[in-house]
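Chains A and B, in that order, give the protein sequences. Here the first sequence is numbered in the numbering used here, starting from 182 and rising by one per residue. Here the second sequence is numbered in the numbering used here, starting from 13 and rising by one per residue.
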Amino acid sequence: MASNIEVEPGATKESVLIPSECLENFDHMSSSLEEIKSENNSSVGSTYEESNFVNSNTDNFEDAIDKEENGSTPEYDLGNSTEWTSKNKHIFVLSSAGKPIYSRHGNEDKLAWLFGVMQALVSNIQSSDDTLKSIHAGDTLFVFMNKKPLILVAVSKTGECVNQLTLQLNYVFNQITSMLTLTRLNKIYEQRQNYDLRRLLAGGERLIDHLLDFSEKEPAFFLGAVQCLPLASSVRDSISSAIIGACHKIKNLVFAILLAKNRLITLVRMKKYYLHPSDLHLIFNLVQSSESLKYSQHHWTPFCLPRFDASGFLYAHVSYLADDCQACLLLLTVERDVCDVLSEAKQKIVEKLRRNNCLEPINESIATPEETAVNAGFAEIRHYLYKCKSTAQFYQPSLAPPYSKEKMRLIEIYKRSNQQLHNTARPLKLIFERSANEAIFSWDTTAFELYVVFEPLIDIACAIDFVTKLLNWVKKREDKLFHLNAPTF
Amino acid sequence: MASRKKILLKVVILGESSVGKTSLMNQYVNRKFSNQYKATIGADFLTKEVTIDDRTVTMQIWDTAGQERFQSLGVAFYRGADCCVLVFDVTAPSTFKSLDSWRDEFLIQASPRDPENFPFVLLGNKDDLEPRAISAKRAQQWCQNKNNMPYFETSAKSGSNVEQAFLAIAKNALAQQNSTVDLYNEFPDQIKLTNTQKPSGSGDSCSC
Ligand SMILES: Nc1nc2c(ncn2[C@@H]2O[C@H](COP(=O)(O)OP(=O)(O)OP(=O)(O)O)[C@@H](O)[C@H]2O)c(=O)[nH]1
Ligand SMILES: [Mg+2]
Chain A
182 MASNIEVEPG
192 ATKESVLIPS
202 ECLENFDHMS
212 SSLEEIKSEN
222 NSSVGSTYEE
232 SNFVNSNTDN
242 FEDAIDKEEN
252 GSTPEYDLGN
262 STEWTSKNKH
272 IFVLSSAGKP
282 IYSRHGNEDK
292 LAWLFGVMQA
302 LVSNIQSSDD
312 TLKSIHAGDT
322 LFVFMNKKPL
332 ILVAVSKTGE
342 CVNQLTLQLN
352 YVFNQITSML
362 TLTRLNKIYE
372 QRQNYDLRRL
382 LAGGERLIDH
392 LLDFSEKEPA
402 FFLGAVQCLP
412 LASSVRDSIS
422 SAIIGACHKI
432 KNLVFAILLA
442 KNRLITLVRM
452 KKYYLHPSDL
462 HLIFNLVQSS
472 ESLKYSQHHW
482 TPFCLPRFDA
492 SGFLYAHVSY
502 LADDCQACLL
512 LLTVERDVCD
522 VLSEAKQKIV
532 EKLRRNNCLE
542 PINESIATPE
552 ETAVNAGFAE
562 IRHYLYKCKS
572 TAQFYQPSLA
582 PPYSKEKMRL
592 IEIYKRSNQQ
602 LHNTARPLKL
612 IFERSANEAI
622 FSWDTTAFEL
632 YVVFEPLIDI
642 ACAIDFVTKL
652 LNWVKKREDK
662 LFHLNAPTF
Chain B
13 MASRKKILLK
23 VVILGESSVG
33 KTSLMNQYVN
43 RKFSNQYKAT
53 IGADFLTKEV
63 TIDDRTVTMQ
73 IWDTAGQERF
83 QSLGVAFYRG
93 ADCCVLVFDV
103 TAPSTFKSLD
113 SWRDEFLIQA
123 SPRDPENFPF
133 VLLGNKDDLE
143 PRAISAKRAQ
153 QWCQNKNNMP
163 YFETSAKSGS
173 NVEQAFLAIA
183 KNALAQQNST
193 VDLYNEFPDQ
203 IKLTNTQKPS
213 GSGDSCSC
């Protein structure tokens, strides 16, 4: 197989985002060097395979369900028990003291006993200077993340691996940090180990709920990348310069981000400062989960970007461009009280975009779904994901049958392939896998990751031929599909 | 959404083995009692909602094992408690004598911010049994020296005084939570850009 491919669609000298190397180092935050150091020293975690420890817990669990079904005992209240237990994934957040903070399903007050059990498991292992990372019990996987001062737990039957669930837990932790900052979170628990954090997070559960759904549906999360709204590069450049023109004189403005439909239009940043894709995902989540933004003229909110700096807040001026253009503009500054200045800047940006006829192409691109692979001339390709590593951007065509109605199945296929490529014990470079339903080609090179889903009966030579053509196709359109510049104020 | 502030209280129950900690909980939460003794292994967890002054709070009750071999677990369990309940058996003097060490151990391990004022409640259980070894007076005296710790004589068997005792426990725990200052506005969080390092891992630096 041609391993020295010369086509690297979407690659540029300078990236608008920090390149992300798949899952590695994904949970490290820029301001937590101490943690990184200590983690490297004690990387020997434990995986408990069906130990007694586990069984006693599972017993309790089933006990609890039995009791619930034979007339309810209040202490094991699982809410609407069968509904609750049939969920294929649970996510819990608790304090180191075992107090509930968040449960994805059910009422965390009613589940308080269960949070106690989770804390006991984690701290019991901890007391022997070890770390509980996961428990594998039949088809259920328990993943624990002890991220002081919080404990995060995933209980999953989805087939996702430990790394993927850890990644998701890490996003939840970062989402909580984004609302409070890490400094504040630590201070709270230094002062009050018994603090009920739900007091401060009131209303924020919505963000976490949405983040979890979002991160399960979107390839962006496991790829560690973002997708751009397709635009002619001249249009994208002129949008960037409109933003720079209106903002370059504003002191302490760190990032200006324009996005639409879950796609990045442009990102202008202050020199020297970079944005990590996982921070950008939190920003997408903020915009997506706040429908009300659409109806207000603008919104001003403190927002911490954990990878950028977990110790403090940025302040975000969030607004949609205009009634006739549903792209969302975020201006992020370190100043607490410059909302007016930024509102003015936003007006200038909109005027400039109107004058330069940039709104129509944005609207047009929002309204036009990406081509399906088949329509682009790849008869045997049902769908694909192409990620350019150096720019942390990816591209995917529109969903086509049979996945139009089975998006989650497709995402699961991709997650599994991604997991196979990045298996820490046995990383792979190239996989061609055929099942009754489809054939999957996954390829990891230094420059890109590519996942292609073919018709099941395609032969290998033909598949490779398609892959080469596909890479050339993307290369030809890279100007449009990717943000190749890295504009600064 | 912020209108209804939820509150959850962590209550840890300590005392020698077989003084009736589990029975008290079972009586309080499920209104049930059994003569059979099943030693608690590690800890049991129960949830109970109570209403205090029109406010609904959830008690997360940590029923720990009194048996010596589980004592090392304590460290983890005591952390962040809002109230500690000490239980002894009024017919067994040794269970009373060990109260000091239970209390000291708790304060060392939990290291609450203000140990002097940390809320404890003492329960003298098995009130229904004869002969008594520890009089109410003696227990009260002990409490006086401990910052006037509230004392209740209970019977997990008959249920007498159990409800009242747990209500007092919840009230004391709630007082502890309410003294929490407004943490939200205490810290300034502005980022000073000069201090922000360029994040590690950003490949390109030609624009600087
Ligand atoms: N008569 C009487 N018996 C009681 C009372 N409370 C508990 N018992 C009995 O005392 C024994 C021990 O009770 P448990 O509640 O299991 O004791 P425990 O403190 O939880 O013991 P550990 O779990 O080992 O720490 C059981 O046989 C109970 O039936 C009470 O109020 N009156
Ligand atoms: Mg017991």
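C-beta: ideal position from N, C-alpha, C; glycine also. Since we're looking at a predicted model, the values are computed, not measured.
Asked: Validate contact between the segment 393-403 of chain A and the segment 113-131 of chain B using beta carbons, cut 8 Å, 3 pairs; Found: no
Asked: B/Ala-168 - DSSP class collapsed to helix/strand/coil; Found: coil
Asked: Closer than 7 Å: B/Tyr-49 CB and nearest ligand 1 heavy atom; Found: yes
Asked: 6 Å Cβ shell around B/Asp-56 - same chain, five flanking residues per side excluded; Found: Asp-75
Asked: Any non-hydrogen atom of ligand 1 within 7 Å of B/Gly-32 CB; Found: yes
Asked: Within 8 Å, strictly: CB atoms of B/Val-133 and B/Val-97; Found: yes
Asked: Residues of its chain near A/Arg-387, where Cβ-Cβ distance is below 8 Å and the 5 sequence neighbours each way are ignored; Found: Ser-470
Asked: Validate contact between the segment 262-276 of chain A and the segment 285-294 of chain A using beta carbons, cut 8 Å, 3 pairs; Found: yes
Asked: Exposure label - A/Pro-542; buried when at least 16 CB within 10 Å; Found: buried
Asked: For A/His-391, three-class secondary structure by DSSP; Found: helix
Asked: B/Asp-75 beta carbon near ligand 2 (any heavy atom closer than 7 Å); Found: yes
Asked: Spatially closest choice to A/Val-522 from A/Asn-433, A/Asn-443, A/Leu-461, by CA coordinates; Found: A/Asn-433
Asked: 3-residue-minimum beta strand (DSSP E) runs that sit fully inside the segment 327-412 of chain A, ordered along the chain; Found: 331-337
Asked: Touch test, the segment 473-480 of chain A against the segment 492-507 of chain A, Cβ-Cβ under 8 Å, three pairs minimum; Found: yes
Asked: Nearest neighbour of A/Met-299, chosen from A/Thr-649, A/Met-326, A/Thr-339 [CA to CA]; Found: A/Met-326
Asked: Any non-hydrogen atom of ligand 2 within 7 Å of B/Thr-52 CB; Found: yes
Asked: Proximity to A/Leu-313 [Cα-Cα], best of A/Lys-328, A/Gln-356, A/Gly-319, A/Thr-321; Found: A/Lys-328
Asked: B/Leu-141 Cβ short of 7 Å to ligand 1 heavy atom set; Found: yes
Asked: Span separating the alpha-carbon of A/Ile-641 from that of A/Gln-374; Found: 59 Å
Asked: Residue nearest to A/Asp-518 in terms of C-alpha spacing, selected from A/Pro-487, A/Pro-483, A/Glu-551, A/Asn-666; Found: A/Pro-483
Asked: Three-state secondary structure (DSSP) of A/Ser-500; Found: strand
Asked: Inter-residue spacing [alpha-carbon to alpha-carbon] between A/Phe-436 and A/Ser-284; Found: 33 Å
Asked: Among A/Leu-495, A/Gly-319, A/Ile-282, the one whose alpha carbon lies nearest that of A/Asp-390; Found: A/Ile-282
Asked: One or two residues paired with A/Cys-569 in a DSSP bridge; Found: A/Gln-574, A/Phe-629
Asked: Span separating the alpha-carbon of A/Glu-561 from that of A/Pro-582; Found: 12 Å
Asked: Exposure label - A/Cys-539; buried when at least 16 CB within 10 Å; Found: buried
Asked: Beta bridge counterpart(s) of B/Tyr-163 as assigned by DSSP; Found: B/Leu-134
Asked: Alpha-carbon spacing of A/Leu-392 relative to A/Ile-464, whole angstroms; Found: 10 Å
Asked: Rounded distance between the beta-carbons of B/Glu-165 and B/Asn-173, thought under 8 Å; Found: 6 Å
Asked: Contact belief for A/Lys-568 with A/Phe-629 at Cβ below 8 Å, rounded distance in angstroms; Found: 6 Å
Asked: Limits of the unbroken beta strand (DSSP E) element including A/Val-274; Found: 270-276
Asked: A/Gly-384: CB within 7 Å of a non-hydrogen atom of ligand 1; Found: no
Asked: Within-8 Å CB hit, B/Gly-171 to chain A; Found: no
Asked: Nearest neighbour of A/Gly-279, chosen from A/Ile-357, A/Arg-450, A/Ile-332 [CA to CA]; Found: A/Ile-332
Asked: Closer than 8 Å to chain B by CB, A/Val-407; Found: no
Asked: Secondary structure of A/Pro-637, DSSP reduced to three states; Found: coil
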